[in-house]
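Enquirer:
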Amino acid sequence: MMLHQTAEGTAIKILEILGARHLRRSLSQMGIQIGDIVHVQRRVPYGGPVLIGHRGTQLALGRSLAARIRVAPVD
Amino acid sequence: MTANFPGVTVHFTRTTIQLGHEVAELIDLPGTYSLTASNPAESATRDFLIEQEISTVVNVIDASVLSRSLELTLQLLELGLPVVVCLNMMDESRRKGIHVDREKLAEALGVPVVETIAVEGVGVHELFQTVWRPSVRPVTSARSCRYQRDTESAIADLASWLQPNLAGEQCLPPRLLAIKLLEADEHVLGQANAATRERAAAAGQKLATERGCRVEEVIESERHALSMHLFESCAQVTHAATDLRDQLDLILTHRVWGYVFLVAIMVTFFGSVYGVGSLLEPPLLSVFEQSAAALSRQLGAGSLSLTLVSGLLQGVAGGLAIVLPYLFPFLIGMAILEDVGYLPRVAFLMDSLMHRIGLHGVAVVPAILGYGCSVPAVMATRILTSARDRFIAAVISTLVPCSARMTVIFGLVAFYVGPLWALLIYGLNTAVVAISGKLLSVILPESSPGLILEVPSYHVPKPQIILRKTWLRLKEFIVVAWPLLIAGSLLLSLAEHYHWDAAVNSGLAPFTAMLGLPQAVGTTLIFGVLRKELSMVMLMQALGTPQILTVMSVSQIVVFTLFVTFYIPCVATLAALVKEIGWKLTVAVAAYSLLVATAIGLAGRVLL
Chain A
1 MMLHQTAEGT AIKILEILGA RHLRRSLSQM GIQIGDIVHV QRRVPYGGPV
51 LIGHRGTQLA LGRSLAARIR VAPVD
Chain B
1001 MTANFPGVTV HFTRTTIQLG HEVAELIDLP GTYSLTASNP AESATRDFLI
1051 EQEISTVVNV IDASVLSRSL ELTLQLLELG LPVVVCLNMM DESRRKGIHV
1101 DREKLAEALG VPVVETIAVE GVGVHELFQT VWRPSVRPVT SARSCRYQRD
1151 TESAIADLAS WLQPNLAGEQ CLPPRLLAIK LLEADEHVLG QANAATRERA
1201 AAAGQKLATE RGCRVEEVIE SERHALSMHL FESCAQVTHA ATDLRDQLDL
1251 ILTHRVWGYV FLVAIMVTFF GSVYGVGSLL EPPLLSVFEQ SAAALSRQLG
1301 AGSLSLTLVS GLLQGVAGGL AIVLPYLFPF LIGMAILEDV GYLPRVAFLM
1351 DSLMHRIGLH GVAVVPAILG YGCSVPAVMA TRILTSARDR FIAAVISTLV
1401 PCSARMTVIF GLVAFYVGPL WALLIYGLNT AVVAISGKLL SVILPESSPG
1451 LILEVPSYHV PKPQIILRKT WLRLKEFIVV AWPLLIAGSL LLSLAEHYHW
1501 DAAVNSGLAP FTAMLGLPQA VGTTLIFGVL RKELSMVMLM QALGTPQILT
1551 VMSVSQIVVF TLFVTFYIPC VATLAALVKE IGWKLTVAVA AYSLLVATAI
1601 GLAGRVLL
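Protein chains in written order, with the working numbering: chain A, 1 to 75; chain B, 1001 to 1608.
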């Protein structure tokens, strides 16, 4: 599933980042890369952004970006 | 000046500091996540680091996000300059359960590491002493800061080719240059010649084939792996202390309550500014009225000396009695909101809305700053990555009423007509801003990359810092705007005395008549382009009395304020716009704002 479809409070692993490498580079600069496990903290409905947490960093990602990140839930 | 808000430092702040007998210059650079810049602010930092003569680089790291911060550190180490790592916000990292072993980190990186809690002054002295130590030498990367063998050999291969071929083409050390070329850094590639690019491509090709992905992905994942490794070996992660702040965020970013509180907070802010201002304005105004009357008796009506003195008095009165009562609580409120760290949450909540008008949430930063002053707001557009986004954000942040226009709305409409009307004007302004943004995003179609914003932890603002920040901004008003106000008042006084203003007013008469405003208003509108507060302060002067209601009707006051809120940005803003978006676009923005102001003024005249 894609990041914007995840449920609040779950831990997910980043599998793939679709589209132009611009997004991948920005995420990587923020310390998040493919294979990382992040925590979905908040999701605003109606096309709103997703708030994820990773090792102390909190990142807000717009929906169009969240829709391009393929993830899988982690137990 | 700093704030708990990404994007606040968008220009360099230079200070001279003294340690012992030596004097040095300290330069605060805009924060960047990487030496590969993604917006103009980051480019400025990168250029400075590469081109300027620097004796030491102080890498200020938020210890609570250490693993991410190290990605920049690893790049800084390649610059070949002395580096001192400042592990800041140690209190915050401990709260999050991240305990960093300073000595291990220093050993792994090969550079001095100093722990600080800068906002409380802890460790700052030690930091400067460390920076000063003659033993701080340029970095030759410690052995632990090497990537995996295949990556290192590709880098070394390219670097050794670059070494003799550099010839001053780039100012980067060969190893860093090699890394950046392999990483497909656009700026570096753009500056490299064809031979260099070919060689880089060849060196990268082998690595890419072996790893089965693009070479820049290899570099990035290597750096990421190294940062993570350093983090894991030098820091212990224990259970984070959940405190009030996390629960606060649960409410403030909640899909329903988040918005409820957003409105509540904005209304409280608005209400407090009005409350304090309207309390102070009347008594201060009456003091000046009485002085003016006394002066008139003393110096004789119609005399030149009276004209000059009363002009001076009007300017002083304007600043003290009309601007400051509202400006002061406004600046304090802004400083508190900034430092608490609430503003990124606003960006988060407003993102989808911003998308509908063609921008993404980060554009909220310049827009919010625009409520304070358009000049830093326009400069803050540098944090946006595309030129198109920057333009739209610049337009929006100048349309939004700055604190000068705020004092007009409060001092004039709220005071003489009623606070509800002031609220309506703000509401109307928000609608106009949204429509303008949408219009622009339709005319300039381009997919916005979308929001990527770091949301920092909440922070209890320190009163001394709030006050100091407010004072700094207030000082700007006192030193720059107030003298202009006084000069403008004097000029208007003189113009009235010699009846020049009559000429200007009659020249503008068809325009002011169209808006249903008294002719005397003409000159104040001209002065308003110099500085927005002037349009209100000098209105009283031009009409001949601070009792505006005796000369202007309620609807006229509203129409006047509506016009002033929307028309041409002040000269300082125009200058900032020219710098950010260029002459032609600035003229377009000014023309657009004039058009909107006239249209709304006319509508106001007809409807009210």
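Virtual Cβ for every residue (Gly too), placed ideally from N, Cα, C. These numbers were taken from a predicted model, which means no experiment stands behind them.
Among H22/A, P45/A, Q33/A and R24/A, whose alpha-carbon lies nearest the alpha-carbon of T6/A?
Expert: Position 6 of the first sequence holds residue 6/A. Nearest option by C-alpha distance: P45/A.
Enquirer: Can you find a C-beta in chain A that's less than 7 Å from the C-beta of F1261/B?
Expert: Along the second sequence, one-based indexing puts residue 1261/B at 261. For F1261/B, the answer is no, since every Cβ of chain A falls outside 7 Å of its Cβ.
Enquirer: Which partner residues of E1022/B appear in the DSSP bridge assignment?
Expert: Against the second sequence, residue 1022/B aligns to sequence position 22. BP columns for E1022/B point to L1019/B.
Enquirer: Quick check on the DSSP output: the alpha helix (DSSP H) that includes V1124/B runs from which residue to which?
Expert: Here residue 1124/B refers to the residue found at position 124 when the second sequence is read from its first residue. Element bounds for V1124/B: V1124 to W1132.
Enquirer: Identify whether V71/A lies in helix, strand or coil by the three-state DSSP scheme.
Expert: Position 71 of the first sequence, counted from the start, is the residue given in the question as residue 71/A. The answer is strand: DSSP assigns V71/A an E or B state.
Enquirer: So does the stretch 1473-1483 of chain B actually touch the stretch 1277-1289 of chain B, counting three or more Cβ pairs closer than 8 Å?
Expert: No, they do not touch.
Enquirer: Using the Cα positions of L1472/B and I1600/B, report the straight-line distance between them to the nearest angstrom.
Expert: What you label residue 1472/B is simply residue 472 of the second sequence in a count that begins at 1. What you label residue 1600/B is simply residue 600 of the second sequence in a count that begins at 1. For L1472/B and I1600/B, the distance between alpha carbons rounds to 35 Å.
Enquirer: Please classify I12/A: is it buried, with 16 or more other beta-carbons within 10 angstroms of its beta-carbon, or exposed?
Expert: Working through the first sequence from its first residue, we reach residue 12/A at position 12. Label assigned to I12/A: buried.
Enquirer: Does the stretch 1411-1426 of chain B come close enough to the stretch 1558-1572 of chain B that 3 or more CB-CB pairs lie under 8 Å?
Expert: Touching, yes.
Enquirer: Determine, for H1224/B, whether the minimum Cβ-Cβ distance to residues of chain A falls below 7 Å.
Expert: Here the question's residue 1224/B lines up with position 224 in the second sequence. Yes, because at least one Cβ of chain A sits closer than 7 Å to the Cβ of H1224/B.
Enquirer: Could you check the C-alpha separation between Q1075/B and E1220/B for me, to the nearest Å?
Expert: Start at 1 with the first residue of the second sequence, and residue 1075/B comes out as number 75. Start at 1 with the first residue of the second sequence, and residue 1220/B comes out as number 220. Their backbone Cα atoms lie some 11 Å apart in a straight line.
Enquirer: Give the residues of chain A in contact with G1450/B, contact being defined as C-beta atoms less than 7 Å apart.
Expert: In the second sequence, residue 1450/B corresponds to position 450, counting from 1. Under the 7 Å cutoff, chain A gives G62, S64 and L65.
Enquirer: In chain A, what lies closer than 7 Å to Y1033/B by C-beta?
Expert: In the second sequence, the residue the question calls residue 1033/B occupies position 33. Going along chain A in sequence order, the residues near Y1033/B (Cβ under 7 Å) are Q29 and M30.
Enquirer: Which of the three DSSP states is assigned to V1400/B in this structure?
Expert: Taking the first residue of the second sequence as position 1, residue 1400/B is located at position 400. Reduced to three states, the DSSP call for V1400/B is coil.
Enquirer: May I have the straight-line CA-CA distance separating A1225/B from E1183/B, to the nearest angstrom?
Expert: For this step, residue 1225/B is matched to residue 225 along the second sequence. For this step, residue 1183/B is matched to residue 183 along the second sequence. Approximately 15 Å, taken between the alpha carbons.
Enquirer: With a threshold of 6 Å on Cβ separation, who are the neighbours of D1157/B within its own chain once the five nearest residues in sequence on each side are excluded?
Expert: Your numbering for residue 1157/B matches position 157 in the second sequence. So the list reads A1203, once near-sequence residues are dropped.
Enquirer: Are L1087/B and V1113/B touching if we call contact CB-CB under 7 Å?
Expert: One-based indexing of the second sequence puts residue 1087/B at position 87. One-based indexing of the second sequence puts residue 1113/B at position 113. Against a cut-off of 7 Å, the Cβ pair of V1113/B and L1087/B comes out as a contact.
Enquirer: Drop a sphere of 10 angstroms on the beta-carbon of K1532/B, count the other beta-carbons inside from all chains shown, and report buried for 16 or more, exposed for fewer.
Expert: Position 532 of the second sequence, counted from the start, is the residue given in the question as residue 1532/B. Per the 10 Å Cβ criterion, buried.
Enquirer: List, in chain order, every chain B residue whose beta-carbon is nearer than 8 Å to that of G9/A.
Expert: On the first sequence, position 9 is the one that residue 9/A refers to. Ordered by position in chain B, no residue passes the 8 Å Cβ test against G9/A, which lies about 10 Å from the chain.
Enquirer: Among Y1274/B, A1513/B, E1092/B and L1608/B, whose alpha-carbon lies nearest the alpha-carbon of G1411/B?
Expert: In the second sequence, the residue the question calls residue 1411/B occupies position 411. It is Y1274/B whose Cα lies nearest to the Cα of G1411/B.
Enquirer: Please state whether DSSP places M1001/B in a helix, a strand or coil.
Expert: Here residue 1001/B corresponds to residue number 1 of the second sequence, with the count starting at 1. Interpretation of M1001/B is limited by its pLDDT of 49, a score under 50 that renders its predicted location unreliable; the figure taken from the coordinates is listed afterwards. Here M1001/B sits in coil by DSSP.
Enquirer: Using a cut-off of 7 Å between C-beta atoms, extract the partners of G19/A located in chain B.
Expert: Taking the first residue of the first sequence as 1, we reach residue 19/A at position 19. Near G19/A there are no residues of chain B at all, since even the closest Cβ is about 10 Å away, more than 7 Å.
Enquirer: Could you tell me whether any non-hydrogen atom of the ligand ADP is closer than 6 Å to the CB of Q33/A?
Expert: Because no ligand of any kind appears in the structure shown, any question about the ligand ADP cannot be addressed here.
Enquirer: Measure from the C-beta of K1096/B to each C-beta in chain A and report whether the shortest distance is under 7 Å.
Expert: Within the second sequence, the letter at position 96 stands for residue 1096/B. It does; some Cβ of chain A falls within 7 Å.
Enquirer: Verify the CB distance criterion: does R55/A have a CB-CB separation below 7 Å to chain B?
Expert: Your numbering for residue 55/A matches position 55 in the first sequence. Taking Cβ atoms only, chain B reaches closer than 7 Å to R55/A, which makes this a yes.
Enquirer: Looking only at C-alpha atoms, which of V1417/B, E1042/B, L1035/B and V1442/B sits nearest to R1070/B?
Expert: One-based indexing of the second sequence puts residue 1070/B at position 70. First, the residue type needs correcting, since residue 1070/B is Leu and not Arg in the sequence shown. Of the candidates V1417/B, E1042/B, L1035/B and V1442/B, the one whose C-alpha sits nearest the C-alpha of L1070/B is L1035/B.
Enquirer: Which value, in whole angstroms, describes the spacing of the CA atoms of E1152/B and R1146/B?
Expert: Within the second sequence, residue 1152/B is the residue found at index 152, counting from 1. Within the second sequence, residue 1146/B is the residue found at index 146, counting from 1. Distance between the alpha carbons of E1152/B and R1146/B is about 7 Å.
Enquirer: Just to confirm, is the Cβ distance from R42/A to H4/A under 7 Å?
Expert: The residue given as residue 42/A occupies position 42 in the first sequence. The residue given as residue 4/A occupies position 4 in the first sequence. No, the pair does not count as a contact, with Cβ atoms beyond the cut-off.
Enquirer: Are the CB atoms of V1529/B and I1581/B nearer to each other than 7 Å?
Expert: Numbered from its first residue, the second sequence carries residue 1529/B at position 529. Numbered from its first residue, the second sequence carries residue 1581/B at position 581. Contact: no.
Enquirer: Give me the DSSP bridge partner(s) of E1454/B.
Expert: Translated into the one-based positions of the second sequence, residue 1454/B becomes position 454. Its beta-bridge partners are L59/A.
Enquirer: Indicate the three-state DSSP secondary structure (helix, strand or coil) for L3/A in the structure shown.
Expert: Here residue 3/A refers to the residue found at position 3 of the first sequence. Here L3/A sits in helix by DSSP.
Enquirer: Since Q1205/B is in the alpha helix (DSSP H), which residue starts that stretch and which ends it?
Expert: Taking the first residue of the second sequence as 1, we reach residue 1205/B at position 205. Q1205/B -> alpha helix (DSSP H) spans A1194 to R1211.
Enquirer: With H, G and I counted as helix, E and B as strand and the rest as coil, what does DSSP make of E1092/B?
Expert: If you number the second sequence from 1, residue 1092/B lands on position 92. Three-state DSSP puts E1092/B in a helix.
Enquirer: Please report the distance separating the alpha-carbon of M1001/B from that of A1495/B.
Expert: Indexing the second sequence from 1 puts residue 1001/B at position 1. Indexing the second sequence from 1 puts residue 1495/B at position 495. Bear in mind that the predicted position of M1001/B carries a pLDDT of just 49, short of 50, making it too unreliable to give a figure here.
Enquirer: For a cutoff of 7 Å on Cβ pairs, would you count L59/A as touching chain B?
Expert: Translated into the one-based positions of the first sequence, residue 59/A becomes position 59. For L59/A, the answer is yes, since a Cβ of chain B falls inside 7 Å of its Cβ.
Enquirer: What would DSSP say about Q41/A, mapped onto helix, strand or coil?
Expert: Against the first sequence, residue 41/A aligns to sequence position 41. In the structure shown, Q41/A sits in a strand (DSSP, three-state: E or B).
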